[in-house]
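Only one structure is covered here, and it is reproduced in the block below.
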Amino acid sequence: MKELEDFEWFPSILRQYQTDFIGFVVAKFNVYQPFIDYLKSHSTACVHMIDWCAGSGEPAISIFQKSGVFKQLELTDKFPSKYKGEAKNIIYNMEAVDVLEARIKENTTYTMFNAFHHFESSDQIKTVKRLKDNHANAFIVEILAPDFLFYLKILFTTTIGTLLLTPFLKPFSFKRLFFTYILPINVFTITYDGLVSVYKSKSVKQYQQQLNGILESSAIFELKKGLFKLIVIQVKP
Numbered sequence: 182m183k184e185l186e187d188f189e190w191f192p193s194i195l196r197q198y199q200t201d202f203i204g205f206v207v208a209k210f211n212v213y214q215p216f217i218d219y220l221k222s223h224s225t226a227c228v229h230m231i232d233w234c235a236g237s238g239e240p241a242i243s244i245f246q247k248s249g250v251f252k253q254l255e256l257t258d259k260f261p262s263k264y265k266g267e268a269k270n271i272i273y274n275m276e277a278v279d280v281l282e283a284r285i286k287e288n289t290t291y292t293m294f295n296a297f298h299h300f301e302s303s304d305q306i307k308t309v310k311r312l313k314d315n316h317a318n319a320f321i322v323e324i325l326a327p328d329f330l331f332y333l334k335i336l337f338t339t340t341i342g343t344l345l346l347t348p349f350l351k352p353f354s355f356k357r358l359f360f361t362y363i364l365p366i367n368v369f370t371i372t373y374d375g376l377v378s379v380y381k382s383k384s385v386k387q388y389q390q391q392l393n394g395i396l397e398s399s400a401i402f403e404l405k406k407g408l409f410k411l412i413v414i415q416v417k418p
């Protein structure tokens with residue numbers, strides 16, 4: 182199975198609405214706070230942060246600003262978003278960047294938030310191996326797990342949550358309202374992709390088994406705080 186937003190033919194406007202919504206929710210409800218706390222307590226010599234599969238820019242932007250660990254953030258995606266931020270130390274690379282082919286730079290920390298499950302298992306292994314072989318520093322963070330409770334959470338968030346929160350998304354758009362309330366294609370696509378994402382997600386144990394021989398099991402761990410639990414795959418030089 183594959184998320185709709187990963188297909189070339191998927192309308193860019195619906196992909197934008199979807200990434201805007203997901204970015205808004207995770208930033209608004211501080212879903213990645215456990216990871217921000219982790220970054221603050223673990224110093225790194227890298228000052229440049231490159232986020233893969235950045236979507237709308239969130240949560241990478243919030244994590245970058247709240248952690249204060251890095252000095253510059255570069256956002257990248259296979260389908261670049263229309264980022265309109267004004268921060269001089271945050272740039273959005275408007276060229277399409279494919280994680281499987283991207284050149285890996287030195288003195289850089291690579292991040293990927295809630296996107297690893299989009300890749301096939303073979304590509305997940307390939308990505309981690311490339312980072313490891315290039316002596317990169319990287320954090321791959323997932324917020325989903327193959328659990329029935331997650332299906333319920335995502336179903337509620339993508340249906341009721343979309344209907345309740347869409348008017349508060351920025352930039353404000355009457356088209357967004359039309360495709361959410363009048364012709365609710367936006368609700369369907371967000372819900373479909375959300376449920377497929379849960380189906381394709383993996384547990385810590387599954388990632389440890391999959392990446393055995395590339396990373397030590399201790400490099401794949403959970404971070405918990407309040408209602409939120411994150412799965413972190415850390416690659417060290």
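My numbering puts the sequence shown at residues 182 to 418. Just so you know, even glycine gets a beta-carbon here, dropped at the ideal spot from N, CA and C. Nothing here was measured: the structure is a model prediction, and the numbers come from that model.
(request) Please name the residue, chosen from L411, T257 and Q391, that lies closest to D283 on a Cα-to-Cα basis. (result) With the sequence shown as reference, residue 283 is identified as Ala, and Asp is not the correct amino acid for it. Cα-wise, what sits closest to A283 is T257.
(request) Let me know if H298 comes out buried or exposed under the rule of 16 or more other beta-carbons within 10 Å of its beta-carbon. (result) buried
(message) According to DSSP, simplified to helix, strand and coil, what is Y373?
(response) Helix.
(request) Give a yes or no on contact between the region 376-385 and the region 320-337, applying the rule of three or more CB pairs nearer than 8 angstroms. (result) yes
(message) Using a 10 Å radius around the Cβ and a threshold of 16 neighbouring Cβ atoms, would you call I371 buried or exposed?
(response) buried
(request) Express the C-alpha separation of S222 and I244 in angstroms, rounding to a whole number. (result) The straight-line gap separating the alpha-carbon atoms of I244 and S222 is approximately 14 angstroms.
(request) Within its chain, find whatever has a CB closer than 8 angstroms to the CB of L150; leave out the 5 residues flanking it on each side and keep chain order. (result) A question about residue 150 goes unanswered here, because the residues of the chain that appear run from 182 up to 418.
(request) Look up V416 in the DSSP assignment and say whether it is helix, strand or coil. (result) strand
(request) Using the Cα positions of F188 and E301, report the straight-line distance between them to the nearest angstrom. (result) 14 angstroms
(message) Beta-carbon within less than 6 angstroms of D232's beta-carbon, same chain only, minus the 5 sequence neighbours each way: which residues are those?
(response) Same-chain partners within the cutoff: A241, L256 and T292.
(request) Kindly identify the DSSP beta-bridge partner or partners of M293. (result) W233 and I321
(message) Counting C-beta neighbours from all protein chains within 10 Å, is the total for A319 16 or more, i.e. buried, or is it exposed?
(response) buried
(request) Could you round the C-beta distance between D304 and L281 to whole angstroms and report it? I think they count as a contact, below 8 angstroms. (result) Rounded to the nearest angstrom, the Cβ distance from D304 to L281 is 6 angstroms, consistent with a contact under 8 angstroms.
(request) Find out if the Cβ-Cβ distance for the pair L411, V322 is shorter than 8 angstroms. (result) Judged by their CB atoms, L411 and V322 are nearer to each other than the 8 angstroms cut-off.
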